[in-house]
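The structure appears right after this line, and notes come after that.
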Amino acid sequence: MHPLVDLKVPKDTVAVHWFEQSSFAIKDSAGIIVQIDPYFPRERPADRFIHPTPPLDEAELPTDYVLLTHAHGDHTCPESIQRIWETSSETRFIGPEESVRQILAETDVAEANVSEISAGHSVTIGKNLIVHAVYAKPPAGDIDANIAPPDVTHLGYVITMDGVTLYFSGDPINTFAERDKLIAAVAAYEPDIGFLTNHPTEGEFPFYDGCVKMASRIGLKYVVPAHRACFVTRDYDAVEWAAQFPTDGPKPLIIPRNSHMLFSHW
C-alpha cells in the first residue's frame with residue numbers, strides 16, 4: 018500500500034503528499050484521504066514525460082474524495098479516475114461541470130458518486146473537512162491583458178481540515194495577482210499555505226514575480242510550487258522559484274517529487 022495509508026497524522030495536522038504536476042493527496046487525523054487532480058497515465062513517452070513510471074499505482078491508495086480543478090487532461094484524467102473507482106466504489110468525485118460530464122461519459126463511476134461544484138460554493142465532506150471553490154481563471158478572461166476566456170471552468174480550492182487551511186490554485190490566470198476579486202475570494206478564508214501553479218516564461222500562469230505577489234496579497238504564510246516535474250517542456254527550477262521570495266514574505270517550501278510533508282496551523 019501507499020505510505021500515506023498507514024501514516025498516523027497527529028491532531029491539528031495535515032499530511033500533504035505531492036506526486037508530480039498538480040497531483041496531491043491530503044490526509045487528516047481522522048484518516049480521510051482526498052486526492053486533488055490525480056494524473057497518473059501509464060503510457061509515458063520519453064519525449065513528453067520526465068519520469069518513465071507514474072508516481073502512483075492507484076490501487077495502492079484507497080481514496081475517500083477526489084477534487085478536480087478543471088477538465089484538462091493533466092487535471093481530469095479519466096484513466097486515473099477509473100482506476101481509483103475500481104479501488105473503492107465509495108470514492109466521491111467533485112469538480113466543475115465539464116469534469117463531471119467527462120467522468121460520466123468516459124468512466125464507469127456511478128452518477129451518484131459525482132457532484133458538481135461552482136465558484137463561490139462550499140461543501141462539507143467527511144466530518145470536519147470543508148471545501149470552498151474559487152475561480153482560478155475568471156470566465157471572461159482578462160480583456161485588459163488581452164487574455165481570452167478559458168475553454169473550460171477553472172477552479173481552485175480552499176480546504177479547511179483539522180485546523181489547517183490549504184489553498185490549491187489549480188491553473189490560475191497569468192494576471193491573478195492583479196485581479197482584486199480573485200485575490201479577495203481566496204484571502205477571505207485566510208489560508209495558511211498555498212500550492213501555486215506558476216512558470217517563469219510560459220505566460221498562461223503567473224510568472225515568478227506574479228506568483229510572489231499572488232502569495233503575498235492572499236496572505237499566505239507558506240507557499241509550495243506546483244505544476245512541475247512531469248512534462249519535459251513545462252518544467253521549471255523550484256530552487257530558482259524559491260529564490261524570488263523576499264525574506265519578510267511568504268516562506269517557500271519545496272516538497273520533493275512523490276513525497277509528503279506534515280503541516281500544522283502556524
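The sequence shown: position 189 = 206 (the numbering used here), numbered continuously. Beta carbons: idealized from backbone N, C-alpha and C, even for Gly. Being a predicted model, the structure only gives us computed values, none of them experimental.
Sequence-distant residues of its chain with Cβ nearer than 6 Å to residue i (five each side left out)
{"i": "V169", "result": "H87, A88 and E115"}
{"i": "P167", "result": "K154"}
{"i": "T80", "result": "I50, Q52, I101 and T108"}
{"i": "F57", "result": "P71, L73 and S97"}
{"i": "M178", "result": "V31, D45 and L146"}
{"i": "S40", "result": "D54, P55 and Y56"}
{"i": "I111", "result": "L84, S132 and I134"}
{"i": "T93", "result": "L85, S116 and Q119"}
{"i": "H34", "result": "L21, A42 and H277"}
{"i": "P69", "result": "R61"}
Same chain only: Cβ atoms within 7 Å of residue i, ignoring 5 sequence neighbours per side
{"i": "R59", "result": "P71"}
{"i": "P223", "result": "P189, N191, F193, A194, N215 and M231"}
{"i": "P267", "result": "A232, S233, L237, K238, Y239 and V240"}
{"i": "E77", "result": "M18 and H19"}
{"i": "G220", "result": "N191"}
{"i": "T104", "result": "E75, A76 and P79"}
Cβ neighbour criterion (16 or more within 10 Å) applied to residue i
{"i": "M18", "result": "exposed"}
{"i": "T264", "result": "exposed"}
{"i": "K144", "result": "exposed"}
{"i": "L279", "result": "exposed"}
{"i": "P148", "result": "In the sequence on display, residue 148 carries Val and not Pro. Classification for V148: buried."}
{"i": "A246", "result": "buried"}
{"i": "T124", "result": "buried"}
{"i": "A255", "result": "buried"}
{"i": "D54", "result": "buried"}
{"i": "I160", "result": "exposed"}
{"i": "R196", "result": "buried"}
{"i": "G48", "result": "exposed"}
{"i": "V249", "result": "exposed"}
{"i": "T182", "result": "buried"}
{"i": "A42", "result": "buried"}
{"i": "S128", "result": "Going by the sequence as given, residue 128 is Glu instead of Ser. E128 should be labelled exposed."}
{"i": "H171", "result": "buried"}
Cβ distance (whole Å) where residue i is taken to contact residue j below 8 Å
{"i": "L121", "j": "V131", "result": "6 Å"}
{"i": "V175", "j": "P208", "result": "6 Å"}
{"i": "H152", "j": "L199", "result": "His is not the amino acid found at residue 152; the sequence shown has Tyr there. That pair is a contact at about 6 Å."}
{"i": "P242", "j": "W258", "result": "5 Å"}
{"i": "G137", "j": "A150", "result": "7 Å"}
In DSSP terms, what residue i is bridged to
{"i": "E37", "result": "S40"}
{"i": "I50", "result": "K44"}
{"i": "R245", "result": "Q38"}
{"i": "E133", "result": "G112"}
{"i": "M278", "result": "V33"}
{"i": "P269", "result": "V240"}
Close beta carbons around residue i, own chain, < 8 Å, minus the five adjacent residues each side
{"i": "Y253", "result": "N215, H216, P217, P242 and R245"}
Closer than 8 Å to chain D by CB, residue i
{"i": "P155", "result": "Although the question refers to chain D, the structure presented lacks it and comprises just one protein chain."}
Which whole runs of the beta strand (DSSP E) in the region 139-181 are 3 residues long or more, in chain order? Taking only runs of at least 3 residues, the beta strand (DSSP E) segments lying wholly in the region 139-181 are 139-142, 146-154 and 171-178.
List, from N- to C-terminal side, the alpha helix (DSSP H) runs of 4 residues or more that fit wholly inside the region 64-125. Runs found: 95-104 and 114-123.
Length-filtered (4 minimum) alpha helix (DSSP H) runs lying within the region 174-242: For the region 174-242, whole alpha helix (DSSP H) runs of length 4 or above, ordered along the chain, are 197-204 and 225-235.
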